[in-house]
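Undergrad: One structure coming up, written as structure tokens, with questions to follow.
4 protein chains.
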Amino acid sequence: MNRKLILTFSCPDKKGIVAAISKILFENNANILESNQHSTKSVLNPHFYMRIVFELDRADAEKNLKNIKIEFNELINIFNIKYELNDGSIKKNAAVFVSKEDHCLYELLWQTGSGDLFLNISCIFSNHNDLSSIANFYNVPFIYIPSNFTGLNINANNLKSATFYSNSLIKNVQEQFILNEIGKYNIDFIILAKYMVILSADFINSFNKKIINIHHSFLPSFPGAKPYVQAYEKGVKIIGATAHFVNEKLDDGPIIEQDVIRINHEDDVDELKKKGKTIERTVLARAVKFFVEDRIIEYGNKTIIFM
Amino acid sequence: MNRKLILTFSCPDKKGIVAAISKILFENNANILESNQHSTKSVLNPHFYMRIVFELDRADAEKNLKNIKIEFNELINIFNIKYELNDGSIKKNAAVFVSKEDHCLYELLWQTGSGDLFLNISCIFSNHNDLSSIANFYNVPFIYIPSNFTGLNINANNLKSATFYSNSLIKNVQEQFILNEIGKYNIDFIILAKYMVILSADFINSFNKKIINIHHSFLPSFPGAKPYVQAYEKGVKIIGATAHFVNEKLDDGPIIEQDVIRINHEDDVDELKKKGKTIERTVLARAVKFFVEDRIIEYGNKTIIFM
Amino acid sequence: MNRKLILTFSCPDKKGIVAAISKILFENNANILESNQHSTKSVLNPHFYMRIVFELDRADAEKNLKNIKIEFNELINIFNIKYELNDGSIKKNAAVFVSKEDHCLYELLWQTGSGDLFLNISCIFSNHNDLSSIANFYNVPFIYIPSNFTGLNINANNLKSATFYSNSLIKNVQEQFILNEIGKYNIDFIILAKYMVILSADFINSFNKKIINIHHSFLPSFPGAKPYVQAYEKGVKIIGATAHFVNEKLDDGPIIEQDVIRINHEDDVDELKKKGKTIERTVLARAVKFFVEDRIIEYGNKTIIFM
Amino acid sequence: MNRKLILTFSCPDKKGIVAAISKILFENNANILESNQHSTKSVLNPHFYMRIVFELDRADAEKNLKNIKIEFNELINIFNIKYELNDGSIKKNAAVFVSKEDHCLYELLWQTGSGDLFLNISCIFSNHNDLSSIANFYNVPFIYIPSNFTGLNINANNLKSATFYSNSLIKNVQEQFILNEIGKYNIDFIILAKYMVILSADFINSFNKKIINIHHSFLPSFPGAKPYVQAYEKGVKIIGATAHFVNEKLDDGPIIEQDVIRINHEDDVDELKKKGKTIERTVLARAVKFFVEDRIIEYGNKTIIFM
């Protein structure tokens, strides 16, 4: 059995990058398994992106990997490279945030269990208790903070009434509590699997790692609330779902994956929701798969997906 | 050989409509070939829509059809029905409006020629001369009015210079000229097959029949100009096209048909345009097919498509 | 709240059928909610198929339904009609047969739980014990009969050794046992959700109700064993799955639903299996949905699906 | 403007291939634009496939290209490489074979004209005269050899009657004539665009270049004659088309591309043919695009498509 490594990097486009990288890999006894590259054809500012999967013989993997890192670091100055080098045998840890709807969580749990997703679901957080039993069935810690949680039960001694708190303060207390709780699980990223609360910019900045959300419309159509109602009112013939990275602007982060399903005039809003669920869970699971396999590189407000 | 009729109608939903209609058809010796219905489940204002294709023996078709019409007219008062009854053996006449791009026109000409579209393309109008040769090849009259046309060549005697004309006046002169020209061909509807000029509300009202447009985005995403550039900038993973009826508000009429195609980070704007063309022509041809086969019923700003 | 009934019927095509049926429904105060029909255009032997969903006011539903049935029975002689009339508020009962793979069972359990499938999963039968815990989680009885089961544990007193039994006899004993067990649950149909044992003609005839199977290829391509290996060897660019009714001939019953997914040269057999699973569970769930909503009419070795 | 080259190669998988190739390209001042690779994970006989698009500055392109070729030839011995190096600015020449159906030919002509296909259609050959006018419209030479052609009009002096000829002899005379005629056009490959005659093994061997065929079914389902009739009889819910390289065994060459379209019980054989045409022309055009852009590598009886 060999050791599998995944290298992703980007740099200003310049001749010799591939030659330099592949020389380092060859001289350190690496075997390239997969390789994908992309260059933006921008005239002013061409940029180069690459993903390489390679393997090292177990026997001298440590020594070779150490050398590879040293030599890559030398490239940083020459080519202005940014790179990430991940061990392909280590699963990423996710916290999954849910509310009441179960379909996205089920899909993630099932695909994780079956090995289709190479992932640890380290904990599930929810503002409702509805999905605790499925979490228990899969032996995943379930963190429940109801929307009326004010932290009072923790610091009850010095407080009079929750009504003194403003909403934003309550939100702040809750988010601090969430950060604290998921902080116990060594989380690499968060998956919002139909979590119906908007995270604050503070939360996003404090967490400071990737957050993947599923939005139940074909963005940029129908952002914001009740996209299926919007789609029904508009009379579109196809609906979709969008998985994207979360940034501070609602429903506007880099799109990772989208898919669609055909509808017709017989479908009322309830039927759109039913049909949409299949798309939502498929699209979210695919986006998570891209992420845990280090297939995504962001640039600008967009993504490159190496498949 | 029998005579084929297509009946479409709508009315407030009420028990007995289907029974009444099918009784009339049966008693006048009609054989029902296809039948589709839809009821909006609105509690306050339920509405009923139906399409029936039936055939009459040639021998006594005239007499039976006359009776059917008389008896349908009696239903107007009872059920508040609006109906249309078209002869399925008579092709509709279209004027196709184009600019420089050929793919949608080619598709319509080819599908009309092969019999896939049951349609007469009576004339082609363009603000450019680029597509006249394909029109000639198919023996379809080609009307060409360049964008600098002011009508001066018609009424040259009483004019000094085109520069006196305002843009809107020129547009008005041109649109009157177009209406006049296509008026010679007994047109049932207009197909905007990548016609890159916006028709005025006056034109739309004067023409007063259906106009089908193809918009090169998956509406309501990216309305207006340069949708492929917008899609590229946004980084969507799927692009689409939308065929819709034209109303006075740009890119906002009832959607008839949509379809999509998957793209990825390798696709620049030019590649999006290429991939989009396949979707545009397919979607437009399907929408035209629905229209000429009387499969579309409008309601609100939406469409029912009976397939 | 009204009572919803689903009528499906077929008969030789003849004028007046729709009029006769809709007259009966109207005169017994039924409101038609959905209606679909199909006529085979065969010259020699035209046949007519119809599905009507109607509702009756609760108040006098019993009386009206009784009348409707009486009057329909009169049509049997006139039009040679075969019909089924089911109560739309009563769920069908299924026995789900599985082996080791969980994805189809999970999908059925999840869609049943969420209400997307209007179905009771009355019991789960398996020749392996692997999926008993998910059955328990959903509180569905799990019947486990291992492949070395000979019935000895039931009738141990008068037997020497299982080695006396021929394979076909063992199969027969096992199938009798299965029939007996699922017979306790008032089953309407069986779903083979990746059940990797071939049912005998005897079993199929004894059960004498519908059995729906999911086959993991796009039939008629790659029937029989190991379809993903066959697909890989052939180098197809798209794989699929097929849900069909089971008859005595392997993988040859009437096709209910199919769907496909694109693959490429990177996909080895394992990857085909992974990608195929998503299609398998979707296709099976759709076929079951069509069945429980009485949308399927068989004719010859084919199906009509009224959607 | 730079010169664009397309390199495709394959060899037994071994460490250092990518490093060696990219070193040669870098040292000869080439800029890699696109790069794709595939390794079969076969344990016994791992094989490596690669496609690289690179550009050379016009100024010293000749000198650098010459060096690159010399150095690549040295790799042949080291890595047992087979390679092809094509100039990305030179169009391939095709002979298109047709019978009566026009849709595939139209698609090829239209996409060639619009630049979507980087291709010269050098000549069109047919056993019918139906499509000569569209060939004329596009100014493509049209070679017509009717099925009763015996060569008598060429060698009339020494012959009595065509009835002396056996069918296979006639076929042989015709095929020799075709080879002779298309031989005048410096053809790189043949496209069978709904050519309804089976080419003999002799023809295929004599031509000795690639032949791309479109088969109107989702192979391996429904090989041979009348696939739409077969599909109708079987009651499949999805039909498809397959573009493949032609080998001596009917409908069995390596599959290049496939696509499908959903059908239902309303579709009779004629409707299947109509719906199928859209898929046939799309699939054939895509396969031709892959071929002219050097994206296809054959291995065994399968293809790798680098996209």
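Protein chains in written order, with our numbering: chain A, 77 to 383; chain B, 77 to 383; chain C, 77 to 383; chain D, 77 to 383. We treat Cβ as the ideally placed atom computed from N, Cα and C, and that holds for glycine. All figures in this text were calculated on a predicted structure; none of them were measured in a lab.
#1: For the alpha helix (DSSP H) containing A/Lys350, name the first residue and the last one.
#2: Could you check which residue in B/Glu356, B/Gly311, B/Trp186 and B/Asp370 has the C-alpha nearest to that of B/Val345?
#3: At which residue ranges does the stretch 154-212 of chain B contain complete alpha helix (DSSP H) runs of 4 or more residues, listed in the order of the chain?
#4: For chain C, check one thing: does any of its Cβ atoms lie closer than 8 Å to the Cβ of A/Lys167?
#5: Evaluate D/Ser86 with the Cβ neighbour count: other Cβ atoms within 10 Å of its Cβ, from every protein chain shown; 16 or more gives buried, anything less gives exposed.
#6: With a threshold of 8 Å between beta carbons, is D/Val129 in contact with chain A?
#7: Just confirm the distance between the C-beta atoms of D/Leu151 and D/Leu141, as a whole number of angstroms; I'd bet it's less than 8 Å.
#8: In chain order, what residues of the stretch 144-155 of chain D put their CB closer than 8 Å to some CB of chain A?
#9: Give the range of the beta strand (DSSP E) segment to which B/Pro88 is assigned.
#10: Is there at least one Cβ from chain D nearer than 8 Å to C/Glu342's Cβ?
#11: Which value, in whole angstroms, describes the spacing of the CA atoms of D/Met383 and D/Ala171?
#12: Does chain C have any CB closer than 8 Å to the CB of A/Asp370?
#13: Enumerate in chain order the residues of its own chain whose CB-to-CB distance from D/Ala363 is below 6 Å, with the five nearest sequence positions on each side excluded.
#14: Need the endpoints of the beta strand (DSSP E) that B/Ser111 sits in, please.
#15: Could you spell out the range, first to last residue, of the alpha helix (DSSP H) harbouring B/Ile280?
#16: Just grab the DSSP bridge partners of B/Met126 for me.
#17: Compare the beta carbon distance of B/Asp264 and B/Ile82 with 8 Å and say whether it is the shorter of the two.
#18: On the criterion of 16 or more Cβ atoms from any shown chain inside 10 Å, does C/Leu245 qualify as buried, or is it exposed?
#19: List the residues that DSSP assigns as beta-bridge partners of A/Lys139.
#20: Looking at the ligand MG, does it come within less than 7 Å of C/Ile166, judged from the CB to the closest heavy atom?
#21: Among B/Lys99, B/Lys325 and B/Ala307, which one has its Cα closest to the Cα of B/Ile339?
#22: From this set, A/Pro217, A/Leu101, A/Asp343 and A/Leu193, which residue's C-alpha is nearest A/Lys365's C-alpha?
#23: Using a Cβ-Cβ distance cut-off of 8 Å, determine whether A/Lys313 contacts chain C.
#24: Less than 8 Å separating the beta-carbons of B/Phe367 and B/Lys286?
#25: If I measure Cβ to Cβ from C/Ala277 and keep anything under 6 Å in the same chain, skipping five residues before and after, which residues do I get?
#26: Rounded to a whole number of angstroms, what is the C-alpha to C-alpha distance between C/Met126 and D/Gln250?
#27: Could you tell me which of D/Pro217, D/His204 and D/Asp178 sits nearest to D/Lys350, measuring between CA atoms?
#28: For C/Ser209, which residues of its own chain have a beta-carbon under 8 Å away from its beta-carbon, when the five flanking residues on both sides are left out?
#29: Is the stretch 194-214 of chain A touching the stretch 289-308 of chain A in the sense that three or more CB pairs, one from each, lie closer than 8 Å?
#30: According to a CB-to-CB cut-off of less than 8 Å, which residues of the stretch 171-188 of chain B neighbour chain D?
#31: Check whether the Cβ of C/Thr27 lies closer than 8 Å to any Cβ atom in chain A.
#32: Report the three-state DSSP secondary structure of C/Glu251 (helix, strand or coil).
#33: Can you name, in chain order, every residue of its own chain whose Cβ lies under 8 Å from the Cβ of A/Ala96, other than the five neighbours on each side?
#34: Using a Cβ-Cβ cutoff of 9 Å, what residues of the stretch 92-103 of chain A are near chain D? List them in chain order.
#35: Taking the beta carbon of B/Glu138 as the centre, do at least 16 other beta carbons fall within 10 Å, making it buried, or is it exposed?
#36: List the whole-angstrom C-beta distance separating C/Ile468 from C/Phe283, where the pair is believed to meet the contact cut-off of C-beta under 8 Å.
TA: Checking against the coordinates, here is how it stands:
#1: Start at 1 with the first residue of the first sequence, and residue 350 of chain A comes out as number 274. First-last of the alpha helix (DSSP H) with A/Lys350: Val345 to Val368.
#2: Here residue 345 of chain B corresponds to residue number 269 of the second sequence, with the count starting at 1. Distance check between B/Val345 and each of B/Glu356, B/Gly311, B/Trp186 and B/Asp370 places B/Gly311 closest, using alpha-carbon atoms only.
#3: Listed in chain order, the alpha helix (DSSP H) runs fully inside the stretch 154-212 of chain B are 179-190, counting runs of at least 4 residues.
#4: As a working mapping, residue 167 of chain A is identified with position 91 in the first sequence. In terms of beta-carbon proximity, A/Lys167 stays away from the interface with chain C, with every pair separated by 8 Å or more.
#5: Within the fourth sequence, residue 86 of chain D is the residue found at index 10, counting from 1. Buried.
#6: As a position in the fourth sequence, residue 129 of chain D is number 53, starting the count at 1. Not one chain A Cβ lies under 8 Å of D/Val129.
#7: Counting from one through the fourth sequence, the residue named residue 151 of chain D turns up at place 75. Counting from one through the fourth sequence, the residue named residue 141 of chain D turns up at place 65. The pair is not a contact, with the Cβ atoms about 16 Å apart (cut-off 8 Å).
#8: Flagged: no residues at all.
#9: Position 12 of the second sequence, counting from 1, holds the residue named residue 88 of chain B. Element bounds for B/Pro88: Asn78 to Pro88.
#10: For the purposes of this step, residue 342 of chain C is taken as the residue at position 266 of the third sequence. Taking Cβ atoms only, chain D reaches closer than 8 Å to C/Glu342, which makes this a yes.
#11: For the purposes of this step, residue 383 of chain D is taken as residue 307 along the fourth sequence, with counting starting at 1. For the purposes of this step, residue 171 of chain D is taken as residue 95 along the fourth sequence, with counting starting at 1. Between D/Met383 and D/Ala171, the C-alpha separation is close to 25 Å.
#12: Stepping through the first sequence from its first residue, residue 370 of chain A is reached at position 294. Chain C contact via Cβ: absent.
#13: Counting from 1 along the fourth sequence, the entry for residue 363 of chain D is found at position 287. Taken in chain order, the residues that qualify are Ile288, Ala319, Ile332 and Glu333.
#14: Here residue 111 of chain B corresponds to residue number 35 of the second sequence, with the count starting at 1. Element bounds for B/Ser111: Asn107 to Ser115.
#15: As a working note, residue 280 of chain B is residue 204 in the second sequence. Its alpha helix (DSSP H) spans residues Ala277 to Phe283.
#16: Residue numbering aside, residue 126 of chain B sits at position 50 when the second sequence is read from its first letter. By DSSP's assignment, B/Met126 forms a beta bridge with B/Phe85 and B/Gln113.
#17: The residue labelled residue 264 of chain B in the question sits at position 188 within the second sequence. The residue labelled residue 82 of chain B in the question sits at position 6 within the second sequence. No; because the gap between Cβ atoms is not below 8 Å, this pair is not in contact.
#18: Sequence index remark: in the third sequence, residue 245 of chain C carries index 169 (1-based). Looking at its Cβ environment, which holds fewer than 16 other Cβ atoms inside 10 Å, C/Leu245 is exposed.
#19: Position 63 of the first sequence, counted from the first residue, corresponds to residue 139 of chain A. Partner(s): none; A/Lys139 has no beta bridge.
#20: As presented, the structure is devoid of all ligands, the ligand MG included, so that no description of it is given.
#21: Translated into positions along the second sequence, residue 339 of chain B becomes position 263. Considering only alpha carbons, the answer is B/Ala307.
#22: Mapped onto the first sequence, residue 365 of chain A falls at position 289. Across the set A/Pro217, A/Leu101, A/Asp343 and A/Leu193, the C-alpha of A/Leu193 shows the shortest separation from the C-alpha of A/Lys365.
#23: Locating residue 313 of chain A in the first sequence gives position 237, counting from the first residue. Not one chain C Cβ lies under 8 Å of A/Lys313.
#24: For this step, residue 367 of chain B is matched to residue 291 along the second sequence. For this step, residue 286 of chain B is matched to residue 210 along the second sequence. Yes; because the gap between Cβ atoms is below 8 Å, this pair is in contact.
#25: For the purposes of this step, residue 277 of chain C is identified with residue 201 of the third sequence, where counting begins at 1. Exclusion of the five residues before and after C/Ala277 leaves Glu324 as the residues of its chain whose Cβ lies within less than 6 Å of its Cβ.
#26: Working through the third sequence from its first residue, we reach residue 126 of chain C at position 50. Working through the fourth sequence from its first residue, we reach residue 250 of chain D at position 174. Spanning the two alpha carbons is a distance of roughly 54 Å.
#27: Residue numbering aside, residue 350 of chain D sits at position 274 when the fourth sequence is read from its first letter. Nearest neighbour of D/Lys350 by Cα position, chosen from D/Pro217, D/His204 and D/Asp178, turns out to be D/Asp178.
#28: Indexing the third sequence from 1 puts residue 209 of chain C at position 133. If we look at C/Ser209 and ignore the five residues flanking it on each side, it has no Cβ neighbours.
#29: Touching, no, given that fewer than three Cβ pairs across the two stretches are closer than 8 Å.
#30: Taking 8 Å as the Cβ-Cβ cut-off against chain D, the residues of the stretch 171-188 of chain B that qualify are Asp178, His179, Tyr182 and Trp186.
#31: Residue 27 of chain C is absent from the structure shown; chain C starts at 77 and stops at 383.
#32: Here residue 251 of chain C refers to the residue found at position 175 of the third sequence. Residue state, collapsed to three classes: helix.
#33: Counting from one through the first sequence, the residue named residue 96 of chain A turns up at place 20. Here the set comprises Leu151, Ile154 and Phe155.
#34: Those would be Gly92, Ile93, Val94, Ala95, Ala96, Ile97, Ser98, Lys99, Ile100, Leu101, Phe102 and Glu103, in chain order.
#35: Within the second sequence, residue 138 of chain B is the residue found at index 62, counting from 1. If you draw a 10 Å sphere on the C-beta of B/Glu138, you find fewer than 16 other C-beta atoms in it, and that means exposed.
#36: The requested residue 468 of chain C is not part of the displayed model; chain C covers only 77 to 383.
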